[in-house]
Structures are given as C-alpha cells and as structure tokens.
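Visitor: Residue numbers (my numbering): 204 to 484. Below is the structure I would like to discuss, written out as structure tokens.
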Amino acid sequence: MFMSTIGIIGGSGIYELEGIKTIKEHKVETPFGSPSDSIIEAEVEGVTAFFLPRHGRGHKLLPSEVNYRANIYALKKLGVEYIVSVSAVGSLKEELPPRTFVTPDNFIDWTKGKRERTFFGNGIVAHVSAAYPVDEKLREILIDSCRECDVKSSDGGSYICIEGPQFSSRAESEIYRSFGASVIGMTNVPESYLAKEAGMAYATIAMVTDYDCWKEEHCSVDEIMKVMKDNNANANKVVKLVLKKLHENQFEFPKENRVGILTPIDSLSEQQKEIVEVLTK
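Quick look at the structure:
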C-alpha cells in the first residue's frame, strides 16, 4: 500500500467525508504530551491520509488548550510531510463575506504567550524562518481545488490569530483591520510555525462564518449555524479534491529546519536526539 504523507487537521467533521474508510487508529505519544485525539489513517477514493480533529472528538479543547506541539510532532512521526489545515474564521474585509474560503499566505500572532510555540529550547538551540509560513505550492492546490468545486474563494491575505476563547471587542476588531489582515481566527498559530519547524509543507483553508464585530450587521445563531453547515459541506468537497491532487503531485519543497539547528547533535541527550531526528527526517 502507498504510504501516505498527507495530514488533515480540522474539526470533528473531517471524519464525515463521503466514502471515507478507516484503515487504522493511531494513538501516538510524544515528548510533548498527547495529541488532541487519536489520529485516524483513512482512505478516501483510493487516497490515504491521516486525519486529526484539532479540538478532539466532541470538540472538547479550547484553542488555548490544544497541544499544538504534540499534534504536529505526532503527524511528523507518522510520516506526514504535507499538512492541510481547515478552520473557521471571521472576516475583516467587506469583500470576504460568509461562505468564502480564504487561503492565507501569512499569519499575525496576536496570542497572549500561553501556547507552547516551539519544539526547541531546553538544550536545543535552533532558528527557523517564519517569513513564509505557508507552502506556496500547497496553497495553490487549495485555491485551485476551491475554484474547481465552485466554492467562493480568496487567494492570499493574512490570518490574525487571537488567544480566545472570547471574540474581539469592537475596538480590537478595528485595530486588526488597520493591520490589513483578511481574517481572524484562534488556531493557526502556533500550528503553522510548528509545521515549519518540523520541515513540513503547511497551508490552510480559512472558512468565513461571519464578519467580525467591526461590521454593523447582526447575525442570528440560526444564520451562523446554517453558514457553518454549508462551509462544512463545501470543505468536504474541497478536501477530497485536494487529496486527489496532492496524491498525484507530491512535490518537493525546501526543509529549512535541517540547517537551523545550531547545537551540536553529539552534545544532546538521547531524547533530544530523537526529537531532532523526527523533526528533520
């Protein structure tokens, strides 16, 4: 069987892809603790991939409670090289209405320092550039798939990540708009930066559910739930096509983390060597 190198991180709905067949459930322990949940290795129309619900099955983890390091490390340990992230966001721009799928090309970290954001430290010194946290070839596959599925999409833009779980105040929302950010969410940082540290290609589908509170437009809970249902249905279509395209074109990409580790390997403990080996393989 072809060994999958594709990982999907999203909500519990990622298990609901039409035609998905579970191959194996992986319970992976890492030096950084446990991932959000078991990782499901599954087949979708002949393509195998690893699926991980970011907030755990049943949506039990706040964005700040997600063990992002364990999630990324576990996927890398299973052989994943390409990560497709799917998450809900608010829009910071008039031209990005609900039901738009945005494929950001950059991130702004506006979290509060509560999240573990690096694999390094404690005796391992390394520096990896986050100038381009999104892999451009993978992002192109996402945007092409959105277009082929007739899903309204937007190419590029910045995703500002806040700590949550509260949504923004009106004043905060106006500040984020002044930054030029396109969408606002709570999960893609440090997830994207950790993927970069792990030498993985990462790109995200940011699904707009509503305008953030800057816009004088009230949405009822029923309206938001309808948008989320529509977004999930479209995400399932897009992800299936992404899997097909990526399976057919597993492109090479630069793994910058291999040159970013400054500490001599022979000075590391056995566990530290294992961490470096997994991240740089």
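Heads up, the beta-carbon is just placed ideally off N, CA and C, and yes, glycines get one too.
Relative to the alpha-carbon of residue 435, which residue among 231, 301, 246 has its alpha-carbon at the smallest distance?
Guide: Nearest option by C-alpha distance: 301.
Visitor: Buried or exposed: where does residue 468 fall if 16 or more other Cβ atoms within 10 Å of its Cβ makes it buried?
Guide: Classification for residue 468: exposed.
Visitor: Rounded to whole angstroms, what's the CA-CA distance from residue 235 to residue 257? Just pull it up for me.
Guide: Going from the Cα of residue 235 to the Cα of residue 257 covers about 16 Å.
Visitor: In or out: residue 334 buried (at least 16 other Cβ within 10 Å) or exposed?
Guide: The residue is exposed, with fewer than 16 neighbouring Cβ atoms inside 10 Å.
Visitor: What's the call for residue 405, buried or exposed, on a 16-neighbour Cβ count within 10 Å?
Guide: Residue 405 is buried by the Cβ-count criterion.
Visitor: When the Cα atoms are used, what is the spatial distance from residue 349 to residue 471?
Guide: For residue 349 and residue 471, the distance between alpha carbons rounds to 45 Å.
Visitor: Quick check on the DSSP output: what are the complete beta strand (DSSP E) runs of length 3 or more inside the segment 296 to 357, in order along the chain?
Guide: If we require 3 residues or more, the beta strand (DSSP E) runs fully inside the segment 296 to 357 come out as 304 to 306, 309 to 313.
Visitor: Whole angstroms is fine: what's the gap from residue 337's alpha carbon to residue 309's?
Guide: Residue 337 and residue 309: Cα-Cα distance of roughly 7 Å.
Visitor: With respect to the alpha helix (DSSP H) encompassing residue 428, which residues constitute its N-terminal and C-terminal limits?
Guide: 424 to 451 is the extent of the alpha helix (DSSP H) around residue 428.
Visitor: What three-state label does DSSP hand residue 271 in the structure shown?
Guide: Residue 271 falls in the helix class under three-state DSSP.
Visitor: Helix, strand or coil: how does DSSP classify residue 255 here?
Guide: It is a strand residue.
Visitor: Can you grab the Cα-Cα spacing for the pair residue 245 / residue 441, in whole Å?
Guide: Going by the C-alpha atoms only, they are around 17 Å apart.
Visitor: How do the segment 303 to 319 and the segment 351 to 364 stand: do at least 3 beta-carbon pairs fall below 8 Å, yes or no?
Guide: The answer is yes - the segment 351 to 364 touches the segment 303 to 319, with three or more Cβ pairs under 8 Å.
Visitor: Starting from the Cα of residue 264, find the closest Cα among 479, 408, 389 and give me that residue.
Guide: Closest by alpha carbon: 389.
Visitor: Considering only the alpha carbon of each residue, which of 410, 463, 250, 455 lies closest to residue 437?
Guide: Measuring from the Cα of residue 437, the nearest candidate turns out to be 410.
Visitor: Smallest Cα separation from residue 433: which of 413, 448, 282?
Guide: Measuring from the Cα of residue 433, the nearest candidate turns out to be 413.
Visitor: State whether the segment 285 to 301 contacts the segment 321 to 335, with contact taken as three or more CB pairs (one from each stretch) at a distance under 8 Å.
Guide: At 8 Å Cβ cutoff, the stretches do not touch.
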